[in-house]
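Here the structure is laid out as structure tokens; the discussion comes afterwards.
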Amino acid sequence: MHTHAKRLAGLLLAPLLSTCLLAGCGNDQRTDDGHVNDQSLRKQEERARQVADAWRASAAAAAWNQGYYPMADVMQKPESGWHSKPDEHAYETKNFVLRGNLPSTAAAHGKVDWGTGRPLTRPLVDAKKAYQSFALNRSDGPRLTVTGARLGTTTIVTSRGKATVPAWLFTLESYDTPLKRVAVTPSKLPRPPIGETRQGSADGLRSVARLAGTAADGRSITVKATHGSCDDGPVVKALETDQSVVLYASVAGARSGPCTAEMIEQSMKVELRKPLAGRLLLDAFTGRPVPYGDPNGLSPSWT
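Counting in my numbering, the sequence shown runs from 18 upward without gaps.
Laid out in structure tokens, this is it:
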């Protein structure tokens, strides 16, 4: 698996590593060669199977298959791309200024259309709230200037495939194409048919932090997984069924001894036997769908 490490503050996702941050990182997963042992993987796969079976033909699965759950950024950059590094930096740091008027009225609801003839009606976010969701910084550094907005449409990848959705199209000073922000709100997450497993009850099983992306052909996904400073990194495997893909994560080569209080987040590419398509992407640890995106980023997940 291709990995790319990103270090986070130790307080982030601390429950996942609470047993090893201060007392050491040893556990019963380790073998002499530092890999996750077969017995641990069997127990983790057993939990993954329980999650897949619980969701199969459940009321939660039915609700999920009828809802709108975005699996891509709700913010979409101008088609022309950024004109300069300062503009790109302004976007990444959410540094915007408004010099113009935003629409004060708009439709209360809009339609999510998958092209199946059965669109879903969802509430819309108004232009002001949409702007405030990404314009979070007013520093003296590079800024992007918003001069207005209008309601239009865009396409976004969802749990049910690509959909056409209402979007606020924000005009930017010096740009010919707009900055888009999806305007329709996600559906409520259904109550999972199975609870979260207890820490340590499945031989080192850990939660997958979030979905980072899906390949164009759907045959691989990239997720964010976490580990500490006293191991060889995360391991993410997939249990595939016709209706779901259940991910089960752990760490390899956990070593005993004192560990620094840090969390390392890593991108993990998971290959699938067949395209993800409309199958549920589930986390074996939580028993829930794997959320998309950074909760503190421009595109917080539906969770």
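For every residue, glycine included, the Cβ atom is placed at its ideal position computed from N, Cα and C.
Just so we're clear, the structure is a prediction, and the values are computed from it rather than from any experiment.
Check: On the three-pair Cβ rule with 8 Å, is the stretch 289-303 touching the stretch 218-232?
Finding: Yes: the two stretches touch, three or more of their Cβ pairs being nearer than 8 Å.
Note to self: Tell me the DSSP secondary structure of ASP300 in three-state form.
What the structure shows: Working through the sequence shown from its first residue, we reach residue 300 at position 283. ASP300 falls in the strand class under three-state DSSP.
Check: Given a threshold of 16 other Cβ atoms within 10 Å of its Cβ, counted over all protein chains shown, does LEU153 qualify as buried or as exposed?
Finding: Here residue 153 refers to the residue found at position 136 of the sequence shown. It is exposed - the Cβ of LEU153 has fewer than 16 other Cβ atoms within 10 Å.
Notebook entry, point to check: Assuming ALA89 contacts VAL201 under a Cβ cut-off of 8 Å, what Cβ separation, rounded to an integer in Å, is found between them?
Noted result: Taking the first residue of the sequence shown as position 1, residue 89 is located at position 72. Taking the first residue of the sequence shown as position 1, residue 201 is located at position 184. With 8 Å as the limit, ALA89 and VAL201 do not qualify as a contact, their Cβ atoms being about 13 Å apart.
Margin query: Quick check on the burial criterion: 16 or more other C-beta atoms within 10 angstroms. Buried or exposed for ASN112?
Written below: In the sequence shown, counting from the first residue as 1, residue 112 sits at position 95. Per the 10 Å Cβ criterion, buried.
Notebook entry, point to check: By Cβ distance below 8 Å, which residues in the same chain neighbour ALA75 in space, the five residues on each side in sequence not counted?
Noted result: Along the sequence shown, read from residue 1 onward, the residue named residue 75 stands at position 58. According to the sequence displayed, residue 75 carries Ser and not Ala. Within the same chain, SER75 has close Cβ partners PRO210.
Check: What runs of the beta strand (DSSP E), each 3 residues or longer, lie entirely inside the stretch 47-118?
Finding: 113-115
Item checked: GLU279 versus ASP248 - alpha carbon distance -> Sequence index remark: in the sequence shown, residue 279 carries index 262 (1-based). Sequence index remark: in the sequence shown, residue 248 carries index 231 (1-based). GLU279 and ASP248: Cα-Cα distance of roughly 12 Å.
Check: Over what stretch of residues does the beta strand (DSSP E) that includes GLN260 continue unbroken?
Finding: In the sequence shown, counting from the first residue as 1, residue 260 sits at position 243. Note, GLN260: premise wrong, no beta strand (DSSP E); not H, not E.
Margin query: Quick test of your reading: TYR85 and ARG135, contact by CB under 8 Å. State the CB separation rounded to the nearest angstrom.
Written below: Counting from 1 along the sequence shown, the entry for residue 85 is found at position 68. Counting from 1 along the sequence shown, the entry for residue 135 is found at position 118. Between ARG135 and TYR85 the Cβ distance is about 12 Å, and since that is not below 8 Å, they are no contact.
Note to self: Check for me: the beta strand (DSSP E) holding SER224 runs from which residue to which?
What the structure shows: Numbered from its first residue, the sequence shown carries residue 224 at position 207. Counting along the chain, SER224 falls outside any beta strand (DSSP E), and DSSP gives it neither H nor E.
Check: Who are the near neighbours of HIS126 in its chain, counting only those whose CB is closer than 8 Å to its CB and skipping five residues on each side?
Finding: Here residue 126 refers to the residue found at position 109 of the sequence shown. Contacts found: THR138, ARG139, PRO140, LEU141.
Next item on the list: Answer yes if the stretch 158-168 comes into contact with the stretch 67-74, meaning at least three C-beta pairs across the two stretches below 8 Å, and no otherwise.
Entry: no
Notebook entry, point to check: With a CB to CB cut of under 6 Å and the five nearest residues on each side skipped, what residues in its chain are close to VAL263?
Noted result: For the purposes of this step, residue 263 is taken as residue 246 along the sequence shown, with counting starting at 1. For VAL263, where only same-chain residues beyond five positions count, the Cβ hits under 6 Å are ALA65, VAL68, ALA69, LEU256, LEU299, ALA301.
Notebook entry, point to check: Do GLN93 and THR188 have their C-beta atoms within less than 8 Å of each other?
Noted result: In the sequence shown, counting from the first residue as 1, residue 93 sits at position 76. In the sequence shown, counting from the first residue as 1, residue 188 sits at position 171. No.
Note to self: Just to confirm the assignment, what range does the alpha helix (DSSP H) spanning ALA147 have?
What the structure shows: Within the sequence shown, numbered from 1, the residue matching residue 147 stands at position 130. Segment 144-151, the alpha helix (DSSP H) holding ALA147.
Next item on the list: Give me the Cα-Cα distance between GLU213 and ASP55, rounded to the nearest whole angstrom.
Entry: Position 196 of the sequence shown holds residue 213. Position 38 of the sequence shown holds residue 55. Looking at the two C-alpha atoms, the distance is approximately 23 Å.
Next item on the list: Output the boundary residues of the beta strand (DSSP E) element that contains THR202.
Entry: What you label residue 202 is simply residue 185 of the sequence shown in a count that begins at 1. It is not in any beta strand (DSSP E) - THR202 carries neither H nor E in the DSSP assignment.
Next item on the list: Please determine, among PRO308, GLY169, ASN82, GLU190, the residue with the shortest C-alpha to C-alpha distance to GLY117.
Entry: Indexing the sequence shown from 1 puts residue 117 at position 100. Out of PRO308, GLY169, ASN82, GLU190, GLU190 has the C-alpha closest to the C-alpha of GLY117.
Next item on the list: Have a look at ALA40 and THR277 and give me their C-alpha separation to the nearest angstrom.
Entry: On the sequence shown, position 23 is the one that residue 40 refers to. On the sequence shown, position 260 is the one that residue 277 refers to. Legend: pLDDT at ALA40 = 35, less than 50; position of this residue unreliable, no value from coordinates given.
Item checked: Cβ separation of VAL240 and PRO87, assumed to be a contact under 8 Å, to the nearest whole Å -> In the sequence shown, residue 240 corresponds to position 223, counting from 1. In the sequence shown, residue 87 corresponds to position 70, counting from 1. For VAL240 against PRO87, the beta-carbon gap comes to about 16 Å, at or over 8 Å, which does not count as contact.
Check: Quick one: what does DSSP say THR231 is sitting in, helix, strand or coil?
Finding: In the sequence shown, residue 231 corresponds to position 214, counting from 1. DSSP places THR231 in strand when its eight states are reduced to three.
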